[in-house]
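Trainee: Before anything else, here's the structure in question.
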């Protein structure tokens, strides 16, 4: 059996899937790992523990599948930064996670020094602790002797993919791919090189960073000691870009939305580098051969978390699955609009002082109205981000591919199609991040002749805009009235 091992290294755990040539999951493993919070706002992971649990998850998946994979694909939490000894491979500090905010003051200082424009023009990103550059700078300044060791070439820095590649190949390969490099705030996404001016700004030696390779290609060979036999690593991509690839969004105008705690949207803009005027990120994604293409990225801070709040905070529902029948039980929200701005609003508003708002309540309002309003908020928020993306890229939306927990809600997906006025498609295999890594690896290893072959056997549930789309789209205007109420509330 032709099979690929996909390693999906996430923020709270590592998943390993063995996928057959027709896209079926024939083996699965999962391991969680420890979250470390040294101080308020600081989040760290033990890189050595991540390596161990990832290998353990992979061994479980391979044993369950009873096949030997022909290649490995790696996808990973992005921006999280590791530092390790070049000679031994041993980590010299815990990894600083993408969620970590310890460098917020440094980012604010750089904004005052007018460095934001430089960062945006070269990397497509905004000055924020989220990205890797200030994390590396912090390590260089606060870990005793690290700056000299980096200058002397004794230690190296990399995102999680680079760390796993280095250790799995026993130090023979020190590389990353263009999608992960594009999230470091050190990589010129136009020239596709580590940017000298940004390296100087953050004090990062060029030789301490990995070689950047195309996402589908040669990333070395995992040593036999890890999985019982040598396995070539042939695909690498950051998690959101892997999901975009796994959804088959290879052409300009195709977009995907992952409905998780928040919502993560990527729009393929092809060879066009769209410069956002609406607070979106320009990043690199993968074309049909794994080659670099441009994309716009936007995030909604609260999506599924709103349903968690209704369940855990208010006790309105006992399980998230109750939301669909409740939404169907009423004709509309009864004039209720819910803006779940619990931690401010993300794209395209970018207003940290916004707060959660429920408007339009009457004595006739009930829990079904509120649950339906929360689901509608996910769809309206998605439309807001996509509208901003399409305006920036000057593109028309071809389709929206969906995954994540809330994508299982048929009512929400139909409402999303009505709001957007385009087809919404949900794949049968919702683990699209791992699927994308497997696809890139299979192409890199020659197991599939093309990306189309890779997705040939997949099935989709499709939701087309219905006759109610005009009425639904009219509700979007009322939603924006509610958003205006939520903006600046805490200011």
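In our numbering, the protein residues as written are 535 to 1025.
Quick reminder that beta carbons are idealized off the backbone N, C-alpha and C, glycines included.
For residue 478 and residue 600, I'd like the C-alpha separation in whole angstroms.
Mentor: As shown, the chain starts at 535 and ends at 1025. That puts residue 478 outside it, with no answer to give.
Trainee: Quick one: is residue 647 buried, meaning 16 or more other Cβ sit within 10 Å of its Cβ, or exposed?
Mentor: Counting Cβ neighbours within 10 Å, residue 647 comes out exposed, since fewer than 16 surround it.
Trainee: Nearest-angstrom Cα distance between residue 615 and residue 603?
Mentor: So the alpha carbons of these two residues sit roughly 28 Å apart.
Trainee: Can you name the start and end residues of the beta strand (DSSP E) that residue 616 belongs to?
Mentor: Per DSSP, residue 616 belongs to the beta strand (DSSP E) from 615 to 619.
Trainee: Under a Cβ-count criterion, where at least 16 other Cβ atoms within 10 Å of its own Cβ denotes burial, should residue 887 be classed as buried or exposed?
Mentor: exposed
Trainee: Tell me, to the nearest whole angstrom, how far the beta carbon of residue 927 is from that of residue 607; I am working on the premise that it is less than 8 Å.
Mentor: Going by Cβ atoms, the distance from residue 927 to residue 607 rounds to 28 Å, so no, they are not a contact pair.
Trainee: Please name the residue in 540, 605, 625 whose C-alpha comes closest to that of residue 580.
Mentor: 625
Trainee: How many angstroms separate the CA atom of residue 644 from the CA atom of residue 638?
Mentor: 10 Å
Trainee: CB residue 598 to CB residue 543, shorter than 8 Å?
Mentor: no
Trainee: Whole angstroms is fine: what's the gap from residue 792's alpha carbon to residue 744's?
Mentor: 29 Å
Trainee: For residue 1014, report the span of its alpha helix (DSSP H) as first-last.
Mentor: Element bounds for residue 1014: 1003 to 1020.
Trainee: Hey, could you find the ends of the beta strand (DSSP E) residue 831 is sitting in?
Mentor: 826 to 834
Trainee: Do residue 751 and residue 795 have their C-beta atoms within less than 8 Å of each other?
Mentor: Cβ distance not < 8 Å, so residue 751 and residue 795 don't count as in contact.
Trainee: Do the region 774 to 781 and the region 848 to 866 touch if we need at least three Cβ pairs shorter than 8 Å?
Mentor: no
Trainee: So, helix, strand or coil for residue 722, using DSSP?
Mentor: strand
Trainee: Is it the case that the Cβ atoms of residue 550 and residue 766 are separated by a distance below 8 Å?
Mentor: no
Trainee: The alpha helix (DSSP H) that contains residue 976, what's its start and end?
Mentor: In the DSSP assignment, residue 976 falls within the unbroken alpha helix (DSSP H) covering 966 to 978.
Trainee: Under a three-way DSSP split, which group does residue 692 fall into?
Mentor: strand
Trainee: Please confirm if the region 652 to 671 is in contact with the region 719 to 735, defined as three or more CB-CB distances below 8 Å between the two stretches.
Mentor: yes
Trainee: Looking at the structure shown, is residue 583 part of a helix, part of a strand, or coil, going by DSSP?
Mentor: helix
Trainee: So, is residue 713 buried or exposed, given that buried needs 16 or more other C-beta atoms within 10 angstroms?
Mentor: buried
Trainee: DSSP on residue 949, reduced to helix/strand/coil?
Mentor: helix
Trainee: For residue 989, which residues in the same chain have their Cβ closer than 6 Å to its Cβ, ignoring the five residues on either side in sequence?
Mentor: 782
Trainee: Would you mind working out which of 1020, 691, 1023, 974 sits nearest residue 770, comparing C-alpha positions?
Mentor: Selected option, being the one with the closest Cα: 974.
Trainee: What are the uninterrupted segments assigned as alpha helix (DSSP H) that are 4 or more residues long and contained completely in the region 566 to 611, given in chain order?
Mentor: 581 to 599
Trainee: Leaving out the 5 sequence neighbours to the left and right, which residues in its chain are closer than 6 Å to residue 950 when beta-carbon positions are compared?
Mentor: Answer for residue 950: 913, 958, listed in chain order.
Trainee: When burial is assigned at 16 or more other CB atoms within 10 Å of the CB, is residue 675 buried or exposed?
Mentor: Under this definition residue 675 is an exposed residue.
Trainee: Name, in chain order, the residues that DSSP records as bridge partners for residue 784.
Mentor: None; residue 784 has no bridge partner.
Trainee: Skipping 5 residues on each side, what residues in its chain have a beta carbon closer than 8 Å to that of residue 756?
Mentor: 606, 702, 703, 764, 765, 766, 767
Trainee: On a CA-only basis, which of 1011, 554, 562 is nearest residue 911? Give me that one, please.
Mentor: 1011
Trainee: Leaving out the 5 sequence neighbours to the left and right, which residues in its chain are closer than 6 Å to residue 622 when beta-carbon positions are compared?
Mentor: Excluding residues within five positions, none has a Cβ falling inside 6 Å.
Trainee: Would you identify the three-state DSSP class for residue 624, choosing helix, strand or coil?
Mentor: coil
Trainee: Cβ atoms of residue 962 and residue 992: under 8 Å apart, would you say?
Mentor: Yes, the Cβ-Cβ distance between residue 992 and residue 962 is below 8 Å.
Trainee: For residue 640, which residues in the same chain have their Cβ closer than 6 Å to its Cβ, ignoring the five residues on either side in sequence?
Mentor: 668
Trainee: So, are the CB atoms of residue 578 and residue 631 less than 8 Å apart?
Mentor: yes
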